[in-house]
Every structure is written in C-alpha cells, then in structure tokens.
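Just so we're on the same page, the numbering used here is the position in the sequence shown counted from 1, plus 17.
Using N, Cα and C, we set each Cβ at its ideal position, and we do this for glycine too.
To start, the structure itself, in structure tokens.
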Amino acid sequence: MSDASIRIALVGGGVGSFIGGIHRMAAQLDGRFALVAGVFGRDPAKSRVRGREWGVPIDRIYADHSELIIGEAQRQDGVACIVIATPNESHFAIASDALRAGLHVICDKPMTATLEQAELLVPIVAASRGIYALTFTYTGYAMVREARARIAAGDIGEVRKIVVDYPQGWLSNGAGDAQIWRLDPARAGLGGCAGDIGVHAFQLAEYVSGQRVTELNAMLSSMVAGRRLDDDCNVLMRLTNGGVAVLTASQIATGERNGLSIRVHGASGTLAWRHEDPAVLRIDRGNGRSELLHAGAPDSCPAAKRATRLPMGHPEGFIEAMATIYRDVADALLGTAPSLIDGEVPGVTDGLRSMRFIDRAIVSNRHGRWTSMEERP
Ligand SMILES: NC(=O)c1ccc[n+]([C@@H]2O[C@H](COP(=O)([O-])OP(=O)(O)OC[C@H]3O[C@@H](n4cnc5c(N)ncnc54)[C@H](O)[C@@H]3O)[C@@H](O)[C@H]2O)c1
C-alpha cells in the first residue's frame, strides 16, 4: 500500500459470495485504493477467516458496519471510503450511516431495496461531504463508453429504438442456499429479476443512448412455481425524444449465462454491443457498410481510451470494467481529474432512476397498463 492509496473498508464479500471479491480486486488494480478493514459476511468467525486471507489486520475486521464506522473513526489511519457489497436489504442503512459519519460510499446496485429508501438517501448524499458512486459495472467497459460518446456526438443520428436484453438461466430451477436472498422480498426488495438484472439493462439503455424513459408497460412473471418475486421481465418503454425501447431480462432463460446486449438504432446507423464479446462495438450504416471497432483502437474516444489498459487484442473483462469505475472515483477523491460522478460514473441520479424503473414496472404489471416514470402509484 502506498501512502497515496485511499483506505477502504468492504462490507460483504464473505466466503462463497460473488461480487465482494470482484470489488477487492478492482479497487486495487490500479494501485489507488487499499483494502484495510471490513465486515466480510454476517458470521464473525467466517468474516475473520476471509479478512485474514485478504491481509486485513485482525483488529480491523468488525462484527457489523456500525462497529466498523465507530472503530475506524477512532483511528488516525481510519478508512475514507466504505464499499457496500451486501444483499440489497442493507444498502440504505450502511450507505446512510457511512455518509453521515463523513465517509465516501461506493455501493453496488440496486441503490437500495425500495424506491422510498432511495428517495431518502438522495438528500443524505447531498448533505454529506462524501462522494456516492454506484457500481453499474457495465458502464466501465471501454466499448460501452465509446457507444455513449458516439451517440452523444450524433454518429448514428437521432435515437429511434433501443433493444436491450439481459438473459440468464441460473434460476431456471432452484437457487443455491447462498443466493436464496435474491428470491426473498424482505432481502432483495420488491423486484426479483427486475431488481437484480433488469436495473442493469435499464441503466445501460439510458446511459448509452442519453435518452430518458418517460413511461413503460411491463409484464413481469414468476415462471417457477412458488416464487414470490419475478424471474422474467418484458418491458416496452417510450423515450423523451419520442423513440421507443424494448427491455427483456430473464433469469429463467435456460442455458444462458450472462448475455447482456444492447442495440441502439439511430436515423443513420445502429450501434451494437454484447457483454460476451465486450471489446467490440459494431456499427451498421444505412449504406450497407458495417464497422467493427475494437477496444484500444487509436481512434477510440477519450472515455474509451481511459477505460483501456492493454494493447488491442489482449482481453479485458469484468474486473477491469469495475476497476475503471474505481479509477474514476479515485480521480474524483484525489482531485487528479474532474469528477465524473453522477455523469459518466453512475451516482444518485442513475440510482434513483433505476429504483423508479423497478417500482413502476411492478405497478404497471399489477394494473396491466402504461405507467409514467414520474407518476406516484
Ligand atoms: N455490479 C454487478 O455487476 C453486480 C453483480 C452481482 C451482484 N451485485 C450486487 O451486489 C450485492 C451483493 O451480491 P452478491 O452476488 O455478492 O451476493 P452474495 O450473496 O454472493 O454475497 C453477499 C455477501 O454479503 C454478506 N452479508 C450479508 N449481509 C451482510 C451485512 N449486513 N454485513 C456484512 N456482510 C453481509 C454475506 O454473508 C455474503 O458474504 C447485491 O446488492 C447485488 O445486487 C452487483
């Protein structure tokens, strides 16, 4: 750890968990953050095992996030930032307590478990001295940033239609015990598939296109008997500029792994990106010509170059995409570049909109009608 590193604590990331370990690697990839404290799961004994495995001093492995905030505040070398990688139910409490204690927050999506909590968190962020960033990981891919910059620059003309699809198959049958919280409304929030991956698709559509969804018509289903939350979502959406979007997300798409993809059709061309081939952006022109742009290409936009570490053809993936978000947050914290938070890097604005997406999709599905993104049910 260098003296210049930003000291972080991780909440989540216990043995057998998924995203906490990715945060740990991503945060440290560019040498700007050091993981020095944490609560690595709800079982204190297992948390200590994990923390020691990751080189965290035993006296900085805490029983819960409240103890962590108090303990770190008492140290001269206390953490500056807390990373939240717990199930959705605890995002609000950890983020609000940390912000009120003067810490910066990097939280995984969704912002909170409910829209009401997200609405409460916005003024807490505004009143704090802290930075609040949300790790919508796909926004860290070079070619996603390239697509966003090209559309903003008018490369495919006026956006007319977006097709975003996020198929997974891992909930086609049962879920493993460790993941069971995703099917429990008390822990996941009101959205199942909508809240877990539908939010990624929604956020990506708005992020890449620069458009905002004005209203939606959703059909949410629970295909596997006994489920209390949706495991399949089909949503039609209207955009600010009169364009349309189709969003499908599913966790019962048998055999699918993590095949997020997006196509944006403009008046003069189409941009297409696939997570399973993330270093390539396809551009189809109306004149019968197509281009494949590869991450690292010399004529990539500055935002894509900033998100690329390796020469062309050397694969970068999920960890690097997350690391790019961390690098942008570090720039904001250290003042080494203008802050991109709540712009190129998702913050409360994208967080709140994606929570509203879940909420309105549930309302629309319940009443079987178009529902405004602004409307209060
Ligand atoms: N950005 C992404 O691409 C992405 C991918 C996967 C998950 N996520 C999000 O990250 C979060 C975690 O997902 P996951 O897949 O890692 O879940 P997981 O179930 O694999 O892991 C959650 C971990 O948090 C621990 N935990 C639970 N409550 C805690 C608490 N109060 N304090 C400390 N630790 C606690 C659990 O013991 C476990 O170790 C979820 O909100 C999920 O939506 C984001």
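Residue from the options whose Cα sits closest to the Cα of residue i
| i | options | result |
| --- | --- | --- |
| D182 | R326, V263, H121 and I300 | V263 |
| D294 | G283, V28, I300 and S278 | S278 |
| A54 | G68, K63, D47 and A43 | G68 |
| D172 | A97, E70, G286 and L120 | G286 |
| S226 | G208, G283 and T271 | G283 |
| I78 | G38, A324 and A62 | A62 |
| A130 | V230, Y343, V73 and T103 | T103 |
| L116 | C98, W290 and W387 | C98 |
| V261 | A296, K178 and G72 | K178 |
| R199 | R167, R244 and R165 | R244 |
| W290 | S22, R162 and G33 | R162 |
| V176 | I25, G29 and Q228 | Q228 |
| R165 | S381, G119, E223 and A314 | E223 |
| G259 | I269, I336, A135 and E232 | E232 |
| S145 | G157, G119 and G385 | G119 |
| M390 | G147, R323, E361 and V252 | V252 |
| D114 | V142, H311 and L132 | V142 |
| F109 | R204, Q45 and R49 | R204 |
| P202 | P74, E106, A266 and A169 | E106 |
| S317 | R302, E337, A296 and R306 | A296 |
| T156 | V380, I379, D359 and T257 | D359 |
| G31 | A80, R49, R24 and G48 | A80 |
| A169 | A320, Q185 and I379 | A320 |
| A312 | A159, A211, V281 and G215 | A159 |
| V100 | V66, G147, L137 and G72 | G147 |
| S239 | G215, F219 and Q268 | Q268 |
| D133 | V96, R370 and V241 | Reading off the sequence shown, one finds Glu at residue 133, where the question assumed Asp. E133 has its Cα closest to that of R370, out of V96, R370 and V241. |
| N275 | G215, L256 and L298 | G215 |
Residues bridged to residue i [DSSP beta-bridge criterion]
| i | result |
| --- | --- |
| D125 | T152 |
| V181 | L264 and I279 |
| V362 | I358 |
| G29 | A102 |
| N251 | M236 and T265 |
| S389 | E232 |
| S307 | D301 |
| R24 | A51 |
| L256 | V230 |
| V176 | G283 |
Terminal residues of the beta strand (DSSP E) in which residue i lies
| i | result |
| --- | --- |
| N234 | V230 to S238 |
| V297 | V297 to R302 |
Burial state of residue i (16 or more Cβ within 10 Å)
| i | result |
| --- | --- |
| P127 | buried |
| D248 | buried |
| D376 | buried |
| D367 | buried |
| I87 | exposed |
| D94 | exposed |
| F153 | buried |
| D345 | buried |
| D60 | exposed |
| E89 | buried |
| N190 | exposed |
| N382 | buried |
| G37 | buried |
| G206 | buried |
| F57 | buried |
| I75 | exposed |
| H40 | buried |
| R395 | There is no way to answer for residue 395, as the model of the chain reaches only from 18 to 394. |
| P184 | buried |
| Q220 | buried |
Unbroken alpha helix (DSSP H) run spanning residue i, endpoints
| i | result |
| --- | --- |
| G286 | It is not in any alpha helix (DSSP H) - G286 instead sits in the beta strand (DSSP E) that spans G286 to R291. |
| E133 | L132 to A144 |
| T341 | F335 to L351 |
| V225 | V216 to S226 |
| I39 | I36 to L46 |
| A166 | A159 to A169 |
| G193 | No alpha helix (DSSP H) holds G193; DSSP gives it neither H nor E. |
| A115 | H108 to R117 |
| R274 | It is not in any alpha helix (DSSP H) - R274 carries neither H nor E in the DSSP assignment. |
| S83 | H82 to A90 |
| A321 | P319 to R323 |
| A312 | Careful: A312 lies outside any alpha helix (DSSP H) and carries neither H nor E. |
| P328 | Premise fails: P328 is in no alpha helix (DSSP H) and is neither H nor E. |
| A203 | P202 to A205 |
heavy atom of ligand 3 below 6 Å from residue i C-beta
| i | result |
| --- | --- |
| T156 | Summarising the ligand content, the structure contains ligand 1 and does not contain ligand 3. |
Chain D contact for residue i (CB, 7 Å cutoff)
| i | result |
| --- | --- |
| A192 | Looking at the structure shown, chain D is missing, and only one protein chain is on hand. |
Residue ranges of each alpha helix (DSSP H) run of no fewer than 4 residues wholly in the segment 51-78, ordered along the chain? 61-70
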